[in-house]
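Notes for the one structure printed next.
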Amino acid sequence: MGKGLFKCFSRVPQRERYRTVQVDKDRLVRTDEFKKWFEKMLMEESPASTSLIIHDDDSASQKMALDALAFLKARGLTCEVVCAAAFDPNAKFNGSVIIVAAAAERGTLLLSISRRLRSAQETGTRIYLVGALLGRSHELMDELASNLTQPPKGSRKYVFKSFIEIPAASVACNNHWHQEQKMLNRLLSFGEEGVSEFVKARIKAFDNATDEGLAEDAFWPSSYHPGQMKLTKGFAFVSGDNDVTVATCTDIFLTILWILQNARKGAKIDQSKRLESGELQQVLLSPEIFSRYDDGIIQGAFLRAALPTELDYSAHETHSASMADIILRVVQGHGFERGDASMEFITALAIGKIRLHKEVDERLRNSIRSAFPGHTDAIKILFGEESPI
């Protein structure tokens, strides 16, 4: 945590699609934790018959390949290194292959290499080593690993290992940022007069993100101290040996996202206890989560990582009232520690991520306007209660 490895809401080059999370591949492969893992994988998995190392077409993956080559040479082995783009499936060979990639999402390139190896590799096994696997779901990541590790009949199963696995590539994951940006643009359509410096800074963060994504500005800044929100105490989901106070918003978002995705789809979780809504039932996040985890950065992470259905309390007046009480308490604490995530809650309410029982919702919105007497018009615009026309 705190190494600046991840960014949120980054545009895929030459496409309209956005990635929920983008990893700094060059920085990842140079961390001590990754180096230890990579050497351990090579020690445990690389066979003496290795004759070829294939790497993804980027500098971080190339570094992995060269490090693997140095590891093998130090043990008396020699082999060839080739990038994926230059790998020729018509050049037949015997021997095992190590395939390395600093990061993968859907695994398109890895599957392409696998297909070409079926033509070129006559004998030997395969070892796939991936730095960060950022798939759309646990099932799809497992499916990718399964597809890559199926050998010819009668042969030993191939190996697939990843340093980090986070199901962060689904469209639903980054929709929150899309809707937030639309909301801010709507506010600007009324003109900049009356827009606070706090909100202007948030709009500027999106403007500056471009293709690189949001790093320090993944969440709204803290309402009571300069800069982004920080953990103020130990984080239950991380080993006590780690200094969690250096964790960024993106670090905490990915942690909570992994926890929620595992709760929805984890194979070890009983079907009846999964956080997964179906045709016959709706599963909600308990409002008490936001009381139990009262650090603003954690609250913001839950709001952004949750699915809209998990925050839709509109059919439950009791849950709606509980959630409204929590939101109002945080909003009224704007400028103080307890209100660290006030704008995260207001945003989630404004974009419809949080849905409450109609009467409860109306009372809450009136109370929020009262909590910001100098910004009543801006709050009305955020809530879609006024039109620029």
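Just so we're aligned, residue 1 is where the sequence shown starts under our numbering, counting upward by one. The beta carbon of each residue, even a glycine, is placed where N, CA and C say it ideally should be. Small disclaimer: the values here were computed from a predicted structure and weren't measured.
Residue nearest to residue i in terms of C-alpha spacing, selected from the options
i	options	result
Ser286	Ser322, Trp37 and Ala263	Ser322
Ile368	Leu328, Leu356, Phe290 and Lys92	Leu328
Val81	Ile53, Phe87, Arg106 and Trp177	Ile53
Met41	Arg116, Phe160, Arg202 and Val360	Phe160
Arg338	Ala85, His225, Lys35 and Val195	His225
Ser135	Ser162, Arg115 and Arg156	A quick correction: the sequence has Gly, not Ser, at residue 135. Looking at the Cα atoms, Ser162 is the closest of the given residues.
Leu284	Leu311, Gly296 and Tyr293	Leu311
Cys79	Ser49, Ala306, Leu214 and Asp57	Ser49
Thr31	Arg17, Phe345 and Gly131	Gly131
Asn175	Leu364, Glu197 and Ala306	Ala306
Leu129	Asn262, Glu212, Asp56 and Ile203	Asp56
Ser222	Val199, Asp207 and Glu139	Val199
Cys83	Thr123, Arg292, Asp295 and Lys63	Lys63
Ser342	Pro308, Val360 and Asp295	Asp295
Phe345	Arg202, Gln299 and Phe93	Gln299
Glu143	Phe219, Lys153, Cys173 and Thr108	Thr108
His357	Arg17, Ser51, Ser320 and Ile203	Ser320
Asp361	Gln332, Ala324 and His334	Ala324
Ile289	Ile256, Gln261 and Gln282	Ile256
Arg156	Ile203, Gly124 and Val12	Gly124
Glu139	Ala209, Thr309, Arg304 and Arg264	Arg264
Phe206	Gly191, Glu193 and Asn185	Asn185
Gly335	Asp217, Gly227, Arg365 and Phe302	Gly227
Ala145	Pro152, Tyr18, Ala172 and Ala104	Ala104
Gln282	Leu303, Tyr293 and Thr309	Thr309
Glu165	Arg106, Arg126 and Glu193	Arg106
Pro151	Ala172, Ser46 and Arg118	Arg118
Ser112	Pro47, Pro89 and Ala218	Pro89
Under the three-state DSSP convention, the category residue i falls into
i	result
Arg402	Look at the range of the chain in this structure, 1 to 389, and you will see that residue 402 is not part of it.
Asp251	helix
Val195	coil
Lys390	Not covered by the structure: residue 390. The range shown for the chain is 1 to 389.
Ser46	coil
Ile354	coil
Lys265	helix
Cys8	strand
Asp312	strand
Arg75	coil
Lys161	strand
Leu214	strand
Thr232	coil
Lys63	helix
Gly296	helix
Arg30	coil
His334	coil
Ile166	coil
His176	helix
His225	coil
Pro373	helix
Cβ distance (whole Å) where residue i is taken to contact residue j below 8 Å
i	j	result
Met183	Leu382	6 Å
Val29	Leu5	With a Cβ gap of about 10 Å, Val29 and Leu5 do not count as contacting.
Ala74	Ala102	About 22 Å separates the two Cβ atoms, so there is no contact after all.
Met141	Leu148	Not really, about 11 Å apart at Cβ, beyond 8 Å.
Lys25	Thr250	With a Cβ gap of about 15 Å, Lys25 and Thr250 do not count as contacting.
Ser291	Ile326	6 Å
Pro167	Ser196	Not quite, the Cβ-Cβ distance comes to about 36 Å (not below 8 Å), so this is no contact.
Ala120	Ala91	6 Å
Ile252	Ile297	5 Å
Phe9	Leu214	5 Å
Phe87	Arg116	6 Å
Residues bridged to residue i [DSSP beta-bridge criterion]
i	result
Ala104	Leu133
Ile98	Ile53 and Ile127
Val82	Ile54
Gln121	Phe93
Arg19	Ser10
Within-9 Å CB hit, residue i to chain D
i	result
His176	Here there is only one protein chain, and chain D is not present.
Closer than 8 Å: residue i CB and nearest the ligand ADP heavy atom
i	result
Ile127	The ligand content of the structure shown is nil, which means the ligand ADP is not present either.
Pairs of beta-carbons, one from the region 89 to 97 and one from the region 56 to 71, closer than 8 Å: are there three or more? no
Specify whether the region 312 to 320 and the region 243 to 263 touch according to this definition: at least 3 beta carbon pairs, one from each stretch, less than 8 Å apart. no
So, does the region 342 to 357 touch the region 174 to 193, judging by three or more C-beta pairs under 8 Å? yes
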